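Chemist: Sequential numbering from 62 applies to the sequence shown in our numbering. Ideal Cβ placement from N, Cα and C applies to all residues, glycine included. Remember, predicted model here, so these are calculated numbers, not experimental data.
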Amino acid sequence: MSVYLDHAATSFPKPPDVTAAVLRWYADYGVSPDRGDSDLTAVVRAVFERTRARVASLCGVPATRVAWTSGATESLHLFLLAVLKPGHRVLATACAHSSVARPLVTAREALGIELEVLPVDRDGRLDPADVVHALHRSPRDLLVLNHASNVTGVVQDVEPCLRAARDFGVTSLLDASQTMGTSDVAHLPADAIAASAHKALLGPPGLGFLATVAGLDLTPPKPGGSGSSHALDRHPLEWPTAFEAGTPNSPAVFGLDAALAWRAAHPRRLDPSPGRIALGELAQRLVDTRPSRRVLAADSLLRDRPDQLPILSFTDADWDPAELGILLDQAGFQVRSGFHCAPWIHRFLGTPTGTLRISPGPFVPAERILAIADALP
Ligand SMILES: Cc1ncc(COP(=O)(O)O)c(C=O)c1O
């Protein structure tokens with residue numbers, strides 16, 4: 062059995078309770094909330110609302126301001142569709158995932174938005190002062206921040222940036238896909254937060270959410286069936302329905318409900334420190350054995366810093382990351398090579414062929430992480 066080390070893409074394995082809850086929906090319910098007249102819809106609705114309330118507390122917003130989506134990609138896209146208007150001035154950062162970069166570039170072409178992308182350093186770290194200066198320098202309509210890079214694992218110091226956006230009256234959107242379930246997001250003064258259920262929260266794929274602060278008026282970007290207000294030919298403006306059109310992914314909500322309960326019952330299993338320490342040791346071994354290797358943000362791993370996720374990205378001047386990925390796969394390690402759906406950051410990291418990324422989940426023992434060093438050429 063190979064070792065799964067691509068937790069930054071999606072968490073695996075899931076706690077058994079999660080799979081059981083998904084199967085329970087298929088076996089015992091099969092219906093959506095607010096659709097149909099059977100008592101079962103009320104039970105499903107109760108699970109939706111309990112899960113929504115738990116997600117709301119992770120995001121620091123009222124439960125009514127959490128909308129279910131198909132994933133962070135859809136959450137980000139819907140928010141951008143709802144907010145961006147022709148000529149808007151948008152500030153983003155080089156660590157943006159494609160789910161932010163691509164809609165922004167599309168909006169630049171379709172709506173003529175002005176887009177400024179702020180740089181990061183060679184470890185992928187954003188200087189919050191750059192964000193504050195850029196907000197100060199010229200008026201903006203939207204700030205889009207990436208909370209943690211899925212390439213480097215660096216958790217950015219976004220709080221001063223979000224606070225400055227609020228002071229300048231600039232709407233802010235935080236992509237918390239990598240930090241939801243690993244870092245405290247609830248205290249951050251973001252206007253909107255997007256994340257998926259299937260990463261560190263340990264829920265199923267096909268589910269995500271958009272959380273916004275109360276009072277942010279947004280036109281529903283995806284009108285459609287809503288399970289309520291059936292006679293209207295306009296999509297309801299009330300949250301969360303405003304952002305929820307179409308039949309929801311009920312089995313995934315059941316799975317996320319179970320994942321959140323499991324997480325609450327097993328806080329020690331979720332501690333990122335052991336994974337980070339093992340990766341720090343691996344980072345040391347990697348560079349000690351071959352000087353051609355460069356580990357990104359190595360210092361944060363070596364020091365077990367909480368502003369670093371358990372993600373190790375490295376390059377080897379003598380090998381293409383894709384070649385190393387194949388060799389590790391043959392040796393029984395499932396890692397990820399390439400650009401990791403982050404189109405802008407590699408120019409700043411100096412990684413023109415991408416990186417080899419090792420991202421263990423909380424269930425991988427340290428010795429299996431360290432064994433990677435012996436499997437590499
Ligand atoms: C930082 C970041 N943002 C957004 C996404 C998109 O998430 P999803 O594929 O679940 O929609 C990812 C997924 O890798 C990510 O790492």
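1) Under the three-state reduction of DSSP, which class applies to S233: helix, strand or coil?
2) Just to check, is the beta-carbon of C402 closer than 7 Å to a non-hydrogen atom of ligand 1?
3) Pop quiz: L410 and R186 are said to be a contact at Cβ under 8 Å. What is the actual Cβ separation, rounded to whole angstroms?
4) Between T240, L204 and F424, which has its C-alpha nearest A133's C-alpha?
5) Is N207 near ligand 1 - that is, is its Cβ less than 7 Å away from at least one heavy atom of it?
6) Rounded C-beta distance between S374 and H68? I'm assuming under 8 Å.
7) Taking the C-alpha atoms as reference points, what is the distance between R329 and P335?
8) Could you check the C-alpha separation between E384 and T125 for me, to the nearest Å?
9) Determine which residues share a DSSP beta bridge with S420 and list them.
10) Pick out whichever of P309, S131, A70 and F140 has its Cα sitting closest to the Cα of G288.
11) Does DSSP put D95 in a helix, a strand or coil?
12) Quick check on S311: does DSSP put it in helix, strand or coil?
13) Can you check which of these residues, K260, V104 and L203, is closest to L317 by C-alpha distance?
14) Near V105, which residues of its chain fall below 7 Å by C-beta distance, leaving aside the five closest residues on each side in sequence?
15) Tell me the rounded alpha-carbon separation between V462 and L176.
16) Strictly by DSSP, which residues pair up with S257?
17) Could you name the residues of the same chain whose beta carbon sits closer than 7 Å to that of A82, not counting the 5 residues immediately before and after it, in chain order?
18) Could you tell me the boundaries of the alpha helix (DSSP H) in which L141 lies?
19) Have a look at P423, G393 and F424 and flag the residue whose alpha-carbon is nearest the alpha-carbon of A436.
20) Out of P438, R337, P123 and L179, which one is the CA nearest neighbour of A253?
21) Whether or not the region 350 to 363 and the region 211 to 230 are in contact is what I'm after, with contact meaning three or more pairs of Cβ atoms, one per stretch, closer than 8 Å; do they touch?
22) If you draw a straight line from the C-alpha of P333 to the C-alpha of S99, how long is it?
23) Taking 7 Å as the cut-off, is the C-beta of S72 nearer than that to any heavy atom in ligand 1?
24) Here's the rule I'm using: 16 or more other beta-carbon atoms within 10 Å means buried, otherwise exposed. How should E299 be labelled?
25) Please go through the same chain and pick out, in chain order, the residues whose beta-carbon is closer than 7 Å to the beta-carbon of A226, but skip the five residues on each side of it.
26) So what does DSSP say about G411, is it helix, strand or coil?
27) Is H259 near ligand 1 - that is, is its Cβ less than 7 Å away from at least one heavy atom of it?
28) If you draw a straight line from the alpha carbon of T414 to that of G148, how long is it in whole angstroms?
29) Below 8 Å on the Cβ atoms is my guess for A325 versus L119; work out the distance and round it to an integer in Å.
30) Report yes if the C-beta distance between A313 and G267 is below 8 Å; otherwise report no.
31) Can you say whether P371 is buried or exposed, counting buried as having 16 or more other CB atoms within 10 angstroms of its CB?
32) Can you have a look at A272 and say buried or exposed, based on whether 16 or more other CB atoms are within 10 angstroms of its CB?
33) Quick one: Cα of A427 to Cα of E342, how far?
34) Do you know offhand how far D349's Cα is from T416's?
35) How about L179 and A155: are their beta carbons less than 8 Å apart?
36) What are the boundary residues of the alpha helix (DSSP H) that includes F375?
Modeler: Reading off the structure:
1) Against the sequence shown, residue 233 aligns to sequence position 172. Shown here, S233 sits in a strand according to DSSP, grouped into three states.
2) Counting from one through the sequence shown, the residue named residue 402 turns up at place 341. Yes; taking the cut-off as 7 Å, the Cβ of C402 has a heavy atom of ligand 1 nearer than that.
3) Counting from 1 along the sequence shown, the entry for residue 410 is found at position 349. Counting from 1 along the sequence shown, the entry for residue 186 is found at position 125. The C-beta distance from L410 to R186 rounds to 10 Å, too long to meet the 8 Å contact threshold.
4) Looking up residue 133 in the sequence shown gives position 72. Ranking T240, L204 and F424 by Cα distance to A133 puts T240 first.
5) For the purposes of this step, residue 207 is taken as the residue at position 146 of the sequence shown. Under cutoff, so the answer is yes.
6) The sequence position of residue 374 within the sequence shown is 313, counting from 1. The sequence position of residue 68 within the sequence shown is 7, counting from 1. About 13 Å separates the two Cβ atoms, so there is no contact after all.
7) Here residue 329 refers to the residue found at position 268 when the sequence shown is read from its first residue. Here residue 335 refers to the residue found at position 274 when the sequence shown is read from its first residue. Cα to Cα, the separation comes out at about 10 Å.
8) By 1-based counting over the sequence shown, the position of residue 384 is 323. By 1-based counting over the sequence shown, the position of residue 125 is 64. Using only the alpha carbons, I get a separation of about 48 Å.
9) Within the sequence shown, the letter at position 359 stands for residue 420. Looking at the DSSP assignment, S420 forms a beta bridge with D67.
10) Taking the first residue of the sequence shown as position 1, residue 288 is located at position 227. For G288, the nearest C-alpha among the options comes from P309.
11) As a position in the sequence shown, residue 95 is number 34, starting the count at 1. Note: D95 maps to coil in three-state DSSP.
12) Locating residue 311 in the sequence shown gives position 250, where the first residue counts as 1. The three-state secondary structure of S311, taken from DSSP, is helix.
13) Reading the sequence shown from its first residue, position 256 is the one you call residue 317. Out of K260, V104 and L203, K260 has the C-alpha closest to the C-alpha of L317.
14) Counting from one through the sequence shown, the residue named residue 105 turns up at place 44. Only Y90, V92, S93, P94 and S311 meet the Cβ criterion.
15) The structure shown does not extend to residue 462, since the chain is modelled only from 62 through 438, so no value can be given for it.
16) On the sequence shown, residue 257 is found 196 positions in, with the first residue counted as 1. Paired residues: G269.
17) For the purposes of this step, residue 82 is taken as residue 21 along the sequence shown, with counting starting at 1. Result list for A82: F315, G316, D318 and A319, in chain order.
18) The residue labelled residue 141 in the question sits at position 80 within the sequence shown. Segment A133 to V144, the alpha helix (DSSP H) holding L141.
19) The residue you call residue 436 lines up with position 375 of the sequence shown. Comparing Cα-Cα distances from A436 to each of P423, G393 and F424, the minimum goes to G393.
20) Indexing the sequence shown from 1 puts residue 253 at position 192. Ranking the options by Cα distance to A253, first place goes to P123.
21) Yes, the region 211 to 230 is in contact with the region 350 to 363.
22) In the sequence shown, the residue the question calls residue 333 occupies position 272. In the sequence shown, the residue the question calls residue 99 occupies position 38. If you take the alpha carbons of P333 and S99, they lie about 43 Å apart.
23) Residue numbering aside, residue 72 sits at position 11 when the sequence shown is read from its first letter. No, ligand 1 has no heavy atom inside 7 Å of this Cβ.
24) On the sequence shown, residue 299 is found 238 positions in, with the first residue counted as 1. Flag for E299 reads exposed.
25) Translated into the one-based positions of the sequence shown, residue 226 becomes position 165. Within the same chain, Cβ atoms closer than 7 Å to the Cβ of A226 are found at L196, L204 and S233, the five residues on either side in sequence being excluded.
26) Position 350 of the sequence shown, counting from 1, holds the residue named residue 411. Here G411 sits in coil by DSSP.
27) Working through the sequence shown from its first residue, we reach residue 259 at position 198. Checking the Cβ of H259 against ligand 1 gives yes.
28) As a position in the sequence shown, residue 414 is number 353, starting the count at 1. As a position in the sequence shown, residue 148 is number 87, starting the count at 1. Cα to Cα, T414 sits roughly 34 Å from G148.
29) In the sequence shown, the residue the question calls residue 325 occupies position 264. In the sequence shown, the residue the question calls residue 119 occupies position 58. That belief does not hold up - the Cβ atoms of A325 and L119 are roughly 11 Å apart, past 8 Å.
30) Position 252 of the sequence shown, counting from 1, holds the residue named residue 313. Position 206 of the sequence shown, counting from 1, holds the residue named residue 267. Result yes, Cβ atoms of A313 and G267 sit closer than 8 Å.
31) Here residue 371 corresponds to residue number 310 of the sequence shown, with the count starting at 1. Buried, by the Cβ-count rule.
32) Position 211 of the sequence shown, counted from the start, is the residue given in the question as residue 272. Result: buried.
33) Working through the sequence shown from its first residue, we reach residue 427 at position 366. Working through the sequence shown from its first residue, we reach residue 342 at position 281. Approximately 10 Å, taken between the alpha carbons.
34) Sequence index remark: in the sequence shown, residue 349 carries index 288 (1-based). Sequence index remark: in the sequence shown, residue 416 carries index 355 (1-based). C-alpha separation (whole angstroms): 18 Å.
35) For the purposes of this step, residue 179 is taken as residue 118 along the sequence shown, with counting starting at 1. For the purposes of this step, residue 155 is taken as residue 94 along the sequence shown, with counting starting at 1. Yes, they are a contact pair.
36) Position 314 of the sequence shown, counted from the first residue, corresponds to residue 375. No alpha helix (DSSP H) holds F375; the beta strand (DSSP E) holding it covers L373 to D377.
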